[in-house]
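*Asks:*
Numbering (the working numbering), first residue to last: 65 to 559.
1) Looking at C-alpha atoms only, which residue of 393, 548, 496 and 481 is the closest neighbour of residue 506?
2) Look at residue 190 and residue 218 and say whether their C-beta atoms are less than 7 Å apart.
3) Considering only DSSP beta bridges, list what residue 417 is partnered with.
4) Which ranges does the alpha helix (DSSP H) cover as unbroken runs of at least 4 residues, wholly within the region 490-529, from first to last along the chain?
5) Which of the three DSSP states, helix, strand or coil, is assigned to residue 202?
6) Please give me, in chain order, every unbroken run of the alpha helix (DSSP H) with length at least 4 that falls completely inside the region 140-198.
7) Between the region 468-486 and the region 502-521, are three or more C-beta pairs nearer than 8 Å?
8) Three-state secondary structure (DSSP) at residue 279?
9) Suppose you measure from the CA of residue 114 to the CA of residue 338; what does that come to, to the nearest Å?
10) What residues in its chain sit with their C-beta under 6 Å from that of residue 175, if we drop five residues either side in the sequence?
11) Name the residue from 168, 81 and 203 whose alpha carbon lies nearest to the alpha carbon of residue 178.
12) Smallest Cα separation from residue 474: which of 156, 444 and 260?
13) So, helix, strand or coil for residue 97, using DSSP?
14) Cβ of residue 391 within 7 Å of Cβ of residue 364?
15) If I measure Cβ to Cβ from residue 325 and keep anything under 8 Å in the same chain, skipping five residues before and after, which residues do I get?
16) Can you tell me whether DSSP reads residue 247 as helix, strand or coil?
17) From the DSSP output, which residues share a beta bridge with residue 216?
18) Which complete beta strand (DSSP E) runs does the region 256-311 hold, if anything under 3 residues is left out?
19) Measure the CB-CB distance between residue 214 and residue 236 and report whether it falls below 7 Å.
20) Is the distance from the Cβ of residue 303 to the Cβ of residue 274 below 7 Å?
21) Looking at C-alpha atoms only, which residue of 509, 521, 515 and 362 is the closest neighbour of residue 538?
22) What's the gap between the Cα of residue 414 and the Cα of residue 225?
23) Pick helix, strand or coil for residue 364, following the three-state DSSP scheme.
24) So which of 434, 453 and 471 has the shortest CA-CA distance to residue 465?
25) Does DSSP classify residue 111 as helix, strand or coil?
26) Give me the Cα-Cα distance between residue 110 and residue 85, rounded to the nearest whole angstrom.
27) With distance defined between alpha-carbon atoms, name the residue in 216, 287 and 209 nearest to residue 239.
28) Report all residues from its chain with a CB closer than 6 Å to the CB of residue 147; omit the five preceding and five following residues, and keep chain order.
29) Cα separation between residue 495 and residue 469?
30) Could you pull out every residue in the same chain whose Cβ sits closer than 7 Å to the Cβ of residue 136, ignoring the five residues on either side in sequence?
31) Thinking just about the alpha-carbon of each residue, which of 279, 427, 451 and 542 is nearest to the one in residue 463?
32) Smallest Cα separation from residue 216: which of 269, 253 and 227?
33) With contact counted as at least three CB pairs below 8 Å, one residue from each stretch, are the region 400-408 and the region 364-379 in contact?
34) Can you find the residues in the same chain that come closer than 6 Å, C-beta to C-beta, to residue 438, ignoring five residues on each side of it along the sequence?
35) Excluding the 5 residues flanking residue 544 on each side, which residues of the same chain have their C-beta closer than 6 Å to its C-beta?
36) In angstroms with no decimal places, state the Cα-to-Cα distance between residue 515 and residue 536.
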């Protein structure tokens, strides 16, 4: 081998190694100790990049061709030209199982690429691109029709409209291996929504068709058309946004335990009050719904807040409440009502409902909630950029007594110069650390003598759902098995 060739190979190896190391440093999606099972990865088997340029793409292609252990790859931003350099006609990298491409910038170009080679071995493909026209959608349909390994597929921002969606639906009718299909942030007709429902009567392998983040042009016949599928079990596998016109149908499905457990609802202040009340009553009595999400289609109104509060007081199984309908200035009592109801709740672990600016009343109610609640892990009540020291001081009185909240949004990027902001950040870090210590204590089967810090942490966060997820991440076990491990560890401390 000539010196020139050897020097060039060594230079290429250095470039690959540098890009590999860079992929280990950025860890928004991967390498999260609390991540759910399929996302967690052993060190060095998952790489993540904020951005890949054309120059980086040349090296990434070599990396993919030479890495025998790479299982998961995420790129948050890359131009279409870089995508083609890295992936087009790439046959190698049979080890790659998951590919997340979060933003492919195509400009005016259509995403005209045949998904073959490396794409044929994937079990998960998450594709975000704004220029998937009809021809590109047909290419994706061909990929889905012939693929026998893919389990999850997501397509964001464009799909070629109703014509492209129709091609995808026809392909999915012939696919007998895909488990989850997601189509998000696209605008489609109600006929396409109904076609997806029909698809689920044909394809029994699909466990979920998720189009809740797609915008549909609804007509007066939509509810009647969808109602035909009630007895086919379709809605247990179909995630959509339920509009006011569909609310009576959704209420019926909830009472029959015949719908997807994560409910997304879009209503306005003009909604029929009796229909809304019946819906909330059905959710409050149900034991299978795990999430209640309200689309930001209008500002919050009294009956909405009353309904959410009534659900929170009565439910024993709901895990997440996400109300994205903003509370208008002067109506902060709506949020206070829900926060007060959460004091009695033992199941909700994540809560979002926003006011423009925190008032003393909201701060007091939130503080009282934090002082008594040992279940909530995430709370978001305000996205305004500023917060005052007196308001934050009120909130801190409750947060100091709370060990399970790990995410708290009371301001958007608050200034560290405001008195109390550094303490709030330290308290949240304390709580994260407690979860880490407790999870390791459970995993190791520790005892109070050998690990007093871990034992104390477990006592403080034993009721936390976040602890369950962390134990899952460390052990690879199911949620139920993780809970059993936690209970066994708690019993050892009690005995």
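Glycine residues also receive a C-beta, built at the ideal position from the N, C-alpha and C atoms. Being a predicted model, the structure only gives us computed values, none of them experimental.
*Replies:* Judging by the given coordinates:
1) Residue mapping note: residue 506 aligns to position 442 of the chain shown, counting from 1. If we check each option's Cα against that of residue 506, 548 comes out closest.
2) Position 126 of the chain shown, counting from 1, holds the residue named residue 190. Position 154 of the chain shown, counting from 1, holds the residue named residue 218. In contact: residue 190 and residue 218 (Cβ atoms closer than 7 Å).
3) Within the chain shown, the letter at position 353 stands for residue 417. Its beta-bridge partners are 387.
4) 516-525
5) As a working note, residue 202 is residue 138 in the chain shown. Of the three classes helix, strand and coil, the one that applies to residue 202 here is helix, per DSSP.
6) 144-151
7) no
8) In the chain shown, residue 279 corresponds to position 215, counting from 1. Strand at residue 279.
9) Walking along the chain shown from the start, residue 114 turns up at place 50. Walking along the chain shown from the start, residue 338 turns up at place 274. Approximately 48 Å, taken between the alpha carbons.
10) Within the chain shown, residue 175 is the residue found at index 111, counting from 1. Contacts found: 193, 195, 196 and 200.
11) Sequence index remark: in the chain shown, residue 178 carries index 114 (1-based). Among 168, 81 and 203, the Cα nearest to that of residue 178 belongs to 203.
12) Residue numbering aside, residue 474 sits at position 410 when the chain shown is read from its first letter. For the residues 156, 444 and 260, the minimum Cα distance to residue 474 belongs to 444.
13) Within the chain shown, residue 97 is the residue found at index 33, counting from 1. In this prediction, residue 97 has a pLDDT of 46, which is less than 50 and means its spatial position is unreliable; nothing more can be read from the coordinates.
14) By one-based count along the chain shown, residue 391 stands at place 327. By one-based count along the chain shown, residue 364 stands at place 300. Contact: yes.
15) Indexing the chain shown from 1 puts residue 325 at position 261. Correct list, in chain order: 352, 353, 354 and 355.
16) As a position in the chain shown, residue 247 is number 183, starting the count at 1. Residue 247: strand per DSSP, three-state reduction.
17) What you label residue 216 is simply residue 152 of the chain shown in a count that begins at 1. DSSP, once it has assigned bridges, lists 188 and 244 as partnering residue 216.
18) 272-274, 279-281 and 305-307
19) Taking the first residue of the chain shown as 1, we reach residue 214 at position 150. Taking the first residue of the chain shown as 1, we reach residue 236 at position 172. Contact: no.
20) Here the question's residue 303 lines up with position 239 in the chain shown. Here the question's residue 274 lines up with position 210 in the chain shown. Yes. Within cutoff.
21) Along the chain shown, read from residue 1 onward, the residue named residue 538 stands at position 474. The candidate whose alpha carbon is nearest that of residue 538 is 509.
22) On the chain shown, residue 414 is found 350 positions in, with the first residue counted as 1. On the chain shown, residue 225 is found 161 positions in, with the first residue counted as 1. Distance between the alpha carbons of residue 414 and residue 225: 34 Å.
23) Indexing the chain shown from 1 puts residue 364 at position 300. Residue 364: coil per DSSP, three-state reduction.
24) Within the chain shown, numbered from 1, the residue matching residue 465 stands at position 401. Looking at the Cα atoms, 434 is the closest of the given residues.
25) Indexing the chain shown from 1 puts residue 111 at position 47. In the structure shown, residue 111 sits in a strand (DSSP, three-state: E or B).
26) Taking the first residue of the chain shown as 1, we reach residue 110 at position 46. Taking the first residue of the chain shown as 1, we reach residue 85 at position 21. Roughly 11 Å separates the two Cα atoms.
27) The residue you call residue 239 lines up with position 175 of the chain shown. When only C-alpha atoms are compared, the closest one is 209.
28) The residue you call residue 147 lines up with position 83 of the chain shown. Excluding residues within five positions, the ones whose Cβ falls inside 6 Å are 168.
29) For the purposes of this step, residue 495 is identified with residue 431 of the chain shown, where counting begins at 1. For the purposes of this step, residue 469 is identified with residue 405 of the chain shown, where counting begins at 1. Distance between the alpha carbons of residue 495 and residue 469: 7 Å.
30) Here residue 136 corresponds to residue number 72 of the chain shown, with the count starting at 1. So the list reads 94, 105, 109, 110, 161 and 162, once near-sequence residues are dropped.
31) The residue given as residue 463 occupies position 399 in the chain shown. Checked all of 279, 427, 451 and 542; the closest Cα to residue 463 is 427.
32) Locating residue 216 in the chain shown gives position 152, counting from the first residue. Looking at the Cα atoms, 269 is the closest of the given residues.
33) yes
34) Position 374 of the chain shown holds residue 438. Counting only Cβ-Cβ distances below 6 Å, and skipping sequence neighbours, we find 468 and 527.
35) For the purposes of this step, residue 544 is taken as residue 480 along the chain shown, with counting starting at 1. Result list for residue 544: empty, nothing under 6 Å.
36) As a working note, residue 515 is residue 451 in the chain shown. As a working note, residue 536 is residue 472 in the chain shown. Approximately 21 Å, taken between the alpha carbons.
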